[in-house]
Amino acid sequence: MSRIMKKKSMKYEIIFSGFGGQGVLFVGNLIALAGMYQGFNVSFLPVYGPEMRGGTCHCTVLLSDKEIASPLVYEPGYLVIFNLPSFLKFIPRLKRGGLALVNKDLVKVEEIEHYETLCANKKILWLPLNTWAEAIGMPLALNLCALGALNKLLGLFPEEILIKALREMLGKEKLPLLEANLKAYRKGFEEVEAYESSLTKS
Amino acid sequence: MSRIMKKKSMKYEIIFSGFGGQGVLFVGNLIALAGMYQGFNVSFLPVYGPEMRGGTCHCTVLLSDKEIASPLVYEPGYLVIFNLPSFLKFIPRLKRGGLALVNKDLVKVEEIEHYETLCANKKILWLPLNTWAEAIGMPLALNLCALGALNKLLGLFPEEILIKALREMLGKEKLPLLEANLKAYRKGFEEVEAYESSLTKS
Amino acid sequence: MIVKVLEERCKGCGLCIEFCPKKVLVFSERRNQQGYKIVALAFPEKCNQCGICYLMCPEVVFVKEDSFEK
Amino acid sequence: MIVKVLEERCKGCGLCIEFCPKKVLVFSERRNQQGYKIVALAFPEKCNQCGICYLMCPEVVFVKEDSFEK
Amino acid sequence: MSQLFRFPQSLKKTLFHYCPGCHHSLIHRLLCEVIDELGIREKTVGIASIGCSCFLYFYIDVDIVEAPHGRACSAATGIKRARPDLLVFTYQGDGDFAAIGLGDSLHSASRGEKFTVLMINNTLYGMTGGQVSPTTPLCQKTTTTPLGRDPQVHGYPMKIAEMLGNFEGVALSARVAVNNPKRVLSAKEVLKKAFLYQREAKGFTYVEFLSACPVNWKMDPLSATKYVDKLTEIFPLGTFKDIG
Amino acid sequence: MSQLFRFPQSLKKTLFHYCPGCHHSLIHRLLCEVIDELGIREKTVGIASIGCSCFLYFYIDVDIVEAPHGRACSAATGIKRARPDLLVFTYQGDGDFAAIGLGDSLHSASRGEKFTVLMINNTLYGMTGGQVSPTTPLCQKTTTTPLGRDPQVHGYPMKIAEMLGNFEGVALSARVAVNNPKRVLSAKEVLKKAFLYQREAKGFTYVEFLSACPVNWKMDPLSATKYVDKLTEIFPLGTFKDIG
Amino acid sequence: MRNKRVLVKGVEAVALGALEGGCECYFGYPITPQNEIPEIMSVELPPRGGVFLQAESETSAINMVLGASAVGTRVMTSSSSPGISLMSEGFSYLIALELPCVIVNVMRGGPGLGGIEASQGDYFQAVKAPGHGDGKFLVFAPYSCQEAYELTAKAFELADKYRNPVMILSDAILGQMKEPLELKPLKIKKISKEGWALTGAKNRPARVIRSLFLDSAELAKRNLTLLRKYQKMEREIRFEKMAEGGEKVLVVAFGSMARICKEAVLNLRAKGYEVGFFRPITLFPYPKKALAELVSSQKIKKIIVFELNCGQMVEDVALSLKGMGKLISKSYPPSVIPFPEDLEREIKKCLNSSDFPRV
Amino acid sequence: MRNKRVLVKGVEAVALGALEGGCECYFGYPITPQNEIPEIMSVELPPRGGVFLQAESETSAINMVLGASAVGTRVMTSSSSPGISLMSEGFSYLIALELPCVIVNVMRGGPGLGGIEASQGDYFQAVKAPGHGDGKFLVFAPYSCQEAYELTAKAFELADKYRNPVMILSDAILGQMKEPLELKPLKIKKISKEGWALTGAKNRPARVIRSLFLDSAELAKRNLTLLRKYQKMEREIRFEKMAEGGEKVLVVAFGSMARICKEAVLNLRAKGYEVGFFRPITLFPYPKKALAELVSSQKIKKIIVFELNCGQMVEDVALSLKGMGKLISKSYPPSVIPFPEDLEREIKKCLNSSDFPRV
Ligand SMILES: Cc1ncc(C[n+]2csc(CCOP(=O)(O)OP(=O)(O)O)c2C)c(N)n1
Ligand SMILES: Cc1ncc(C[n+]2csc(CCOP(=O)(O)OP(=O)(O)O)c2C)c(N)n1
Ligand code: SF4
Ligand code: SF4
Ligand code: SF4
Ligand code: SF4
Ligand code: SF4
Ligand code: SF4
Ligand SMILES: [Mg+2]
Ligand SMILES: [Mg+2]
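Protein sequence lines, in the order shown, are assigned to chains A, B, C, D, E, F, G and H.
Just so you know, we're using the numbering used here here: the first sequence kicks off at 1 and counts up by one.
Just so you know, we're using the numbering used here here: the second sequence kicks off at 1001 and counts up by one.
Just so you know, we're using the numbering used here here: the third sequence kicks off at 2001 and counts up by one.
Just so you know, we're using the numbering used here here: the fourth sequence kicks off at 3001 and counts up by one.
Just so you know, we're using the numbering used here here: the fifth sequence kicks off at 4001 and counts up by one.
Just so you know, we're using the numbering used here here: the sixth sequence kicks off at 5001 and counts up by one.
Just so you know, we're using the numbering used here here: the seventh sequence kicks off at 6001 and counts up by one.
Just so you know, we're using the numbering used here here: the eighth sequence kicks off at 7001 and counts up by one.
This is the structure:
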């Protein structure tokens, strides 16, 4: 037993959640694919809401250097939250000390009851995802912005790997969208970079 | 245990067997119905041959003054045999000391291999059923002739009961056939009566 | 008629008798193993080989010998 | 127009706009809770109450108030 | 036209789950208008089938039972035989009625069962993601005909309304569309007639709606609605039987 | 006419189990004559269906597989798709093809599957003891229509050959009878054509035989054969589609 | 006054029982060996104002049943093995929709088309998986015409009581044999369906009968409700036993096979052998407790299960006994039916002479 | 050279496995959650000279399979619960006719239409009664994309080997989740069908493939042959176990549920709890012996069975154990799926602290 516990394993459990149209499943799939290229064991589990069309949806992505047994996890270490219902549903499930990236354009602290208790012992990073996405002229690419931010924070894989995964995901037909997606990714990445260095500076 | 064995129960196990067109199932059903009217517990189990049309068929009729469990019996006490295949199939299954009424018009002793061993300890009564039936101008009613003979031998029920059962079986549509059937029944009955009294005389 | 009558196949339906244009065929008194009355050629000399009996017989009773023995 | 626009029902399909013979309707910049752009009467005065918007709207957005409140 | 701008009484206020520009909900409204106008809400039983419209009961305010995929006509037969006094309709997709359900559907028609079928023909399986259906036009690409429907492989589109026109038990067989205001109005008249015939126990009544499925046709709502005009070239509108 | 008095090569010598005067066996013989004349015995696969003819394989000397009741056309589709070089036929009763099998049958026709159907229409379920079938004439008594077929209860007889005539995928649809010598000969010609069309991959080929069932019609063989004439008034003989 | 006694086939007894149970509608498709049921229904129902309709297939028949049940009528269908398989999607829906009906399966010997002689090869299908997705129904296995009549009638009441289909599982022996039936009037309860049946939304909100629940919590709740209902059905458990003390061997069988076994057991008992007999009449829910209690209280050492299949019910017996006693499975692959004499021999073989001296 | 790794859904892995296994024909009817299988097949098969055909129903699909199998091609179909029920007559025929094929069931939560989330509610149907009349087939329950790929490919070989259908039983979790799949070439044997397939009676007597046997002795013989074949299939039994000694509690689960359980078990073991794990990979034949041996050899005291249904596989576990150990059934009625954390809690609850001190 002691042997097993000594070696700190590297395992990222991430839930992405938002509206149907916010690219939740795309970004989850993308990070899993990039994770695989990076050499992780990965799993990606999409869950569609009860509505056939529209509605909320979420997905669970696991990246680990060990075999992954369950693709489901109740208490993820990371959350990427795109809208309010997702915030309310998943923040309670975030691990103690876990980190949530939250879309501050659609989730307003004022609208959340018992915010303090809800988020006690949890790190919340508020990101204006819609604003970023609109700033680069890609209002739908907030998912990639979030991914940029997340990868800056976790350092999961280098950009080449992401590009490889993105290419694969877009396929021939949608390849022209590569640059735009990349731009969004970089936007998120750089914003967090700037934020972090601002922290270091201050 | 001894109590049970003391009271001799009345139980008749009869198998009728012949070609499809020989009225095997009709006569089996009829005797079961008459038996019921007479107050017996009865069961009637038809078995159609593997052929859909034509072919041989047989049925098992049980009449008993006790509850009948199995409607199937391997070793019947009585057989009514209308043709050769039936003879070969069922004689081996006849109980030791059991009685078989055999249609001598279609079953010829010469055609039977090992006749002696086959019929050892079994009573065979040879009846010219086709001849009797033709004699009364009802070539198809050999089944009723056989029933008359059988009832004369076993004394299962009086003629009124048979008439009641026959009426029921024929239904409204075929009621006109009642007299003819009865005639055949009586023919069999009387032939055996005559035969028995001839025995007594000699 | 030069054909064989495969008596064991006959089921006594009477279609051949009905359709034979020359009224060659009748039921005999004999029965086959299946128990059916067998058809017979009452007037073979009248037969014109038209083949109608073959055409109408549901049991393929009327055949050239060599075709059955194949 | 004397009818109520049940904005929450609108899915922004644009059929009403297309078929309105008087070109009364346009998309507004507002979005409803479902996230769809809501239709608005840009020129209510031009409306002739023909009912075509009601007929073509798959979401029953255009209705008389009393009929919905029933 | 009294119905204009009236939210039908027998339509529930729930928001529809259908995609933007889908004709299913428009047809729901027509059905409710007809039920209201005939005043039959309280003696009507509907059968919801399996397809995009499986949640029919969330919208139409009459007694409704769900039937397994393709079996709506048999369930309706059971209902109508048991309770001939009720007015009974089925609401079925082209896949439900004409693929898995073809046997049930045609036998009901042939027996002249006295209920009304609303068949929503969007030429593919909406609910399961756009696979080929018996009514998919030749050459149309679907998720299971990636190169387009080839008659040598997937057969020919079935013309159900025409086929039913030849059945003795059928009292009314018609194909309508709802892709312009005039057609909406006449579709409603045909549907009303179907219920009237049912009330008079005239026979099987069948109304086929050509219906837009923007999502699986991969079109915007407007183009999809326009495209229905194109479909009428393959599936002509009209009444193929009307025993009057 | 070379076939006259020739016991067909592809007919086994086993005695038929059919009732006296049943047309099933006559049609078996015709089928074998056609197989012999076309010389296709060695590349033919037959599908036996469930009905009085379920023992087809005891008589016809070609490779045969049994299909569940009503599914012969689907099984044939599987065979023909997998091995288009084989000649494939189904042999089905009216109950098998048109009652439980209607969906399978019509979809195969609509897809234009390239096999041949022999449909033996004796207007009822022979094997199970004479129940009503989709092709039972009005007023005919059967074991489940004790008062005769009433169209208000049991619906109208289906005219399958006519119906198939309207299907695009169908190359040949015809109804024949074998109740007199001329008809026997022309039935054979039609059946031969069906196999020829199949060989040329022209489409679905369907030959419906009006067939006597003396036992369940409660007639002697001769009357039953004559009664087929009467049936032709309801089910006219002829070719309803022939793409030539 | 004495009730009328008639000599009928098992399948006729089923039809008569259905009429006694208040059956109003029948939908079915012919299949041997149960064609007498539709044939009788086609004669008897219309004059009583009921409905008889021969469907074009088993799939349509079961869905006609679904429709008629949804509007509150007492309805039944009957078929045999292949037809029952075709109905299994429908069964699952009926269970999910909580719609009562009576289903008769007069089994034939499978798999495939098989043969038309007696078989018990559909035991598992009936009790473990009548359809997909965890659905269950009450299954009765009558073993005499009288029981077939009474259980079929009762089945209509219980179907309504539980709002669930009930199956009568029979076979060709019971189906085709004739024996006397006392046509006694049974007190079958009418159960009001006003609370749920679809009759037009008059003076009440419209009703919905559905099985689609895309919300997983809702579906799970529903499945729990159904599960509890199946558990409640344990109240209906019926069985017959013959073991008053001292038996060391217990014969277990159901349906026709139980008749043949009973004959053998009675014969052996008459000869002094200590052989008991247990016959489950409900196959689902299975009389597990009763069987276990019997075996443990009587200290029975060997349990022999006879079936006309490749070994199915023996699993429920094993699950009941949980290791108690020595379990022996005697299965007769369809359709060779053993005679009572054969069974006597088999039972005797199992009697280890030292354990079971002949008295 | 390293094999290609791709990130795929379970259902895609099944389709890729089928292609690797030599699948030549696919017939099926759409149903969620497995539509990716026909969609992939419609793209992949025709260019390889194979056949893809969307049938008009599940009943026709399974009978197209029957036809294609009879002429000797490797053929498959896929569906989900209600569609599988509709195929059950066809399954019974395929078994009776001894025709090989591969059937995929990506279960949804029933009964009826139910929901599209993960469920294991069709366990009984798959292993006890895929159709009427005693028929059985090999059932594999993969729990990862890799296993789905490999078992599906292998299924084609085993189907041909036993001339019997083989089922891949999966669910929406495995079906819809993506994980890396190593596309390794598998050595799937081609098995000659020249001895029985229908290819035209050239230079040999005509062949008949049939299931109707009206002679009861003939039918019984045939059923015995089939029974022996099922027994032979025990050679194919596969399972995974994790219990090297000292475990006092054994967790048993299959398919997706086994993944969730494994996570819980690994976590508990890491924390020092003595918990073992057993996962049947073949559900029929069930690894009864292996399970019993494990329990008896390790002196395991408690066995917990986790399932996403109302309690089905627990019966096979009970039948394996015959009373050994304390059996605990933890069933989750579809479709609320527990998290590994929930299971950890459940397992701990079962650990009686005195028996199982935390080390
Ligand atoms: C027995 C069965 N097979 C398949 C399905 C899956 N299924 C659900 S809806 C559907 C087809 C829907 O198409 P259609 O009837 O045309 O309705 P639409 O969604 O296009 O309105 C299918 C195949 C099912 N639910 N049940
Ligand atoms: C699924 C199923 N349902 C019912 C049956 C019983 N059955 C056997 S043949 C048959 C109908 C036969 O009628 P038809 O197809 O017209 O053939 P015929 O006997 O008249 O030649 C039926 C209902 C069956 N074998 N399988
Ligand atoms: S060949 Fe013609 S004439 Fe001669 S017996 Fe036959 S039918 Fe009569
Ligand atoms: S047609 Fe054939 S079967 Fe009929 S009587 Fe003539 S020879 Fe015999
Ligand atoms: S009523 Fe007519 S004119 Fe007015 S908005 Fe609607 S469509 Fe336009
Ligand atoms: S037609 Fe209806 S849903 Fe569409 S844009 Fe207009 S109001 Fe909105
Ligand atoms: S998928 Fe098509 S049919 Fe279904 S709701 Fe969307 S648009 Fe309508
Ligand atoms: S029952 Fe009818 S169809 Fe069947 S063999 Fe007899 S006559 Fe022919
Ligand atoms: Mg559709
Ligand atoms: Mg017929």
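Quick reminder that beta carbons are idealized off the backbone N, C-alpha and C, glycines included.
All values derive from a computational prediction rather than experimental measurement.
Do you know how far the Cα of residue j is from the Cα of residue i?
i: A1032/B; j: G5203/F; result: 58 Å
i: Q3033/D; j: K3011/D; result: 10 Å
i: A6318/G; j: R7108/H; result: 30 Å
i: R186/A; j: I15/A; result: 21 Å
i: N7223/H; j: S7057/H; result: 30 Å
i: C4073/E; j: G4129/E; result: 24 Å
i: T994/B; j: N1130/B; result: Outside the displayed span of chain B (1001 to 1202) sits residue 994/B, for which this structure offers no information.
i: V1024/B; j: L1140/B; result: 11 Å
i: L947/B; j: I1112/B; result: Any property of residue 947/B remains undetermined from this structure, which presents chain B solely from 1001 to 1202.
i: L6151/G; j: V1047/B; result: 25 Å
i: E5066/F; j: I5047/F; result: 6 Å
i: W1126/B; j: A2042/C; result: 38 Å
If I follow the unbroken beta strand (DSSP E) through residue i, where does it start and stop?
i: L7138/H; result: 7138 to 7140
i: P4181/E; result: Segment 4181 to 4199 is the alpha helix (DSSP H) holding P4181/E; no beta strand (DSSP E) there.
i: C5054/F; result: That residue, C5054/F, is in no beta strand (DSSP E); it is neither H nor E in DSSP.
i: V5119/F; result: According to the sequence as given, residue 5119/F is Met; it is not Val. Element bounds for M5119/F: 5116 to 5121.
May I ask you to check if the CB of residue i is nearer than 8 Å to at least one heavy atom of ligand 7?
i: Y4018/E; result: yes
i: A100/A; result: no
Just to check, is the beta-carbon of residue i closer than 8 Å to a non-hydrogen atom of ligand 3?
i: P2058/C; result: no
i: V2024/C; result: yes
Taking 8 Å as the cut-off, is the CB of residue i close to at least one heavy atom of ligand 5?
i: K4182/E; result: no
At a cut-off of 8 Å, is residue i close to ligand 6 when judged by its beta-carbon and the heavy atoms of the ligand?
i: I3038/D; result: yes
(request) Determine which residues of the stretch 7305 to 7329 of chain H have a Cβ less than 7 Å from any Cβ of chain G, and write them out in chain order. (result) N7309, C7310, E7315, A7318, L7319, K7322, G7323
(request) Check each residue of the stretch 2038 to 2065 of chain C: if its Cβ is closer than 7 Å to any Cβ of chain F, include it; give the result in chain order. (result) G2051, I2052, Y2054, L2055, M2056, P2058, E2059, V2060, F2062, V2063, K2064
(request) Anything in the stretch 4048 to 4076 of chain E with a Cβ closer than 8 Å to a Cβ of chain H? List those residues in chain order, please. (result) I4050, C4054, E4066, P4068, H4069, G4070
(message) Short of 8 Å Cβ to Cβ, which residues in the stretch 6089 to 6112 of chain G face chain J?
(response) No chain J is present in this structure, whose protein chains are A, B, C, D, E, F, G and H.
(message) By the 7 Å beta-carbon criterion, what residues does the stretch 4074 to 4094 of chain E contribute toward chain G?
(response) S4074, A4075, A4076, T4077, G4078, I4079, R4081, A4082, R4083, L4086
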